[in-house]
Structure formats: C-alpha cells, structure tokens
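*Asks:* Under mature numbering (1 follows the signal peptide of the UniProt record, and there is no 0), residues -18 to -1, 1 to 131 are what the sequence shown spells out, in order.
C-beta atoms are modelled at their ideal positions from N, C-alpha and C, and glycine is treated no differently.
Computed from a predicted structure; not experimentally measured.
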Amino acid sequence: MKTFACIVLSCAVLAVNAGGYGSYGDEGHHSVQETVEVEKPVPIPIYEHRTVQISQPIPIPVAKPVAIPFGNPLPVNIKVPQPIPIPVIKKITVPIVKAVLYPVIKSVPYPVEKPVPIPVEKHVPIPVQKPVAVKVPVYKTIYHHSKHH
C-alpha cells in the first residue's frame, strides 16, 4: 500500500514539474511540441475479501427513545363552527314569456305603370333666305287736267 502511494505521489510531482518546461521563459529549452512517452509497469494491489470468525460477539448499540419530561399543555378552546341546516328549495318556478302572435304584413306584388317613351316633335331650324329686291313696275297716272306735273 505504501509503494502504491509513493508511485502516485511521484507521478503527481513529475506531472507538475513537467508542466513548467517550455512555457514561461523557456527554461527547459524544450519546445512545446516535443513529448516524451515513458511506459513503466506499475504493480496494482488486488484485494481479497475473507470472512474471519470472531470469538466474542461485539455489542452494537441500539438507539432507544428517551422520554423527555415536559409540563402539561394549557387547554386551548377553539370554537369550531357547527353546520347549520339551511332549507333547500327543490322546485323553482320560472315565468316563461310566451311569444305574442302579431299579424304579419306580407308583401303583395302590385303592377307598376312604367313610363312609355312618346315621340316628341323636334323643332328644327330652317334657314330662311334673305329677301331679294324685285323691281316692280310702278305706273303713274297722269292727269292732263291737273296743274301739277
């Protein structure tokens, strides 16, 4: 058991010391990429469980409840409300409003007089020609017995 503890302790020390090289200040002159692998067989102890007879039985203490004396508690009066019987109404009468029948006014189709188009006489302006001067012969009556000419 002591050898196992020594091996574990020495491995831990080596791991701590190896972590310092190549980091700060480059003390070990080793680059970070170089690794050295060491393989060494380590003895692992194997435990066996064996039953051994004991000459005298060992008494095992059993916990026993211990009564602790304390004074009598004071009586506390708590008023608990008792249930009161309430009359329950089993039948309920609800007035139902009935619909009143009203006369229904129905729409009846009624013929509607439609306006009929009536032809209207239109006033068309007719161009009137200007009056043409017509030479009308004027006959003058001459009286021989008159004094005026």
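1. Is there contact here, the stretch 25 to 32 with the stretch 61 to 74, by at least three beta-carbon pairs under 8 Å?
2. Tell me the rounded alpha-carbon separation between GLY4 and GLU16.
3. To the nearest angstrom, how far is it from the Cα of residue 182 to the Cα of HIS105?
4. What whole-angstrom Cβ distance do ILE(-12) and VAL24 have, given they're in contact under 8 Å?
5. Where TYR50 and LEU56 are concerned, what is the direct C-alpha to C-alpha distance, given to the nearest angstrom?
6. Give me, in chain order, the residues of the same chain whose beta-carbon lies closer than 6 Å to that of PRO109; leave out the 5 immediate sequence neighbours on both sides.
7. Could you have a look at ILE40 and say whether DSSP puts it in helix, strand or coil?
8. Can you give me the C-alpha to C-alpha distance between ILE87 and VAL70, rounded to a whole angstrom?
9. Rank PRO67, VAL58, GLU95, ILE28 by C-alpha distance to the C-alpha of PHE(-15) and give the top, closest one.
*Replies:* With the structure as the only source:
1. no
2. Here residue 4 corresponds to residue number 22 of the sequence shown, with the count starting at 1. Here residue 16 corresponds to residue number 34 of the sequence shown, with the count starting at 1. Since pLDDT at GLY4 reaches only 49, below the 50 mark, its modelled position is unreliable, and the value read off the structure follows with that caveat. So the alpha carbons of these two residues sit roughly 9 Å apart.
3. What is shown of the chain runs -18 to 131, which leaves residue 182 out entirely.
4. Start at 1 with the first residue of the sequence shown, and residue -12 comes out as number 7. Start at 1 with the first residue of the sequence shown, and residue 24 comes out as number 42. About 6 Å; that satisfies the 8 Å criterion.
5. Numbered from 1 along the sequence shown, position 68 holds the residue referred to as residue 50. Numbered from 1 along the sequence shown, position 74 holds the residue referred to as residue 56. In the sequence as presented, Tyr is not what sits at residue 50; that position holds Ile. About 18 Å.
6. As a position in the sequence shown, residue 109 is number 127, starting the count at 1. Closer than 6 Å at the Cβ level, and outside the excluded window around PRO109, lies no residue.
7. On the sequence shown, position 58 is the one that residue 40 refers to. DSSP places ILE40 in coil when its eight states are reduced to three.
8. Taking the first residue of the sequence shown as position 1, residue 87 is located at position 105. Taking the first residue of the sequence shown as position 1, residue 70 is located at position 88. Cα to Cα, the separation comes out at about 49 Å.
9. To locate residue -15, count along the sequence shown from 1; it is residue 4. Closest by alpha carbon: ILE28.
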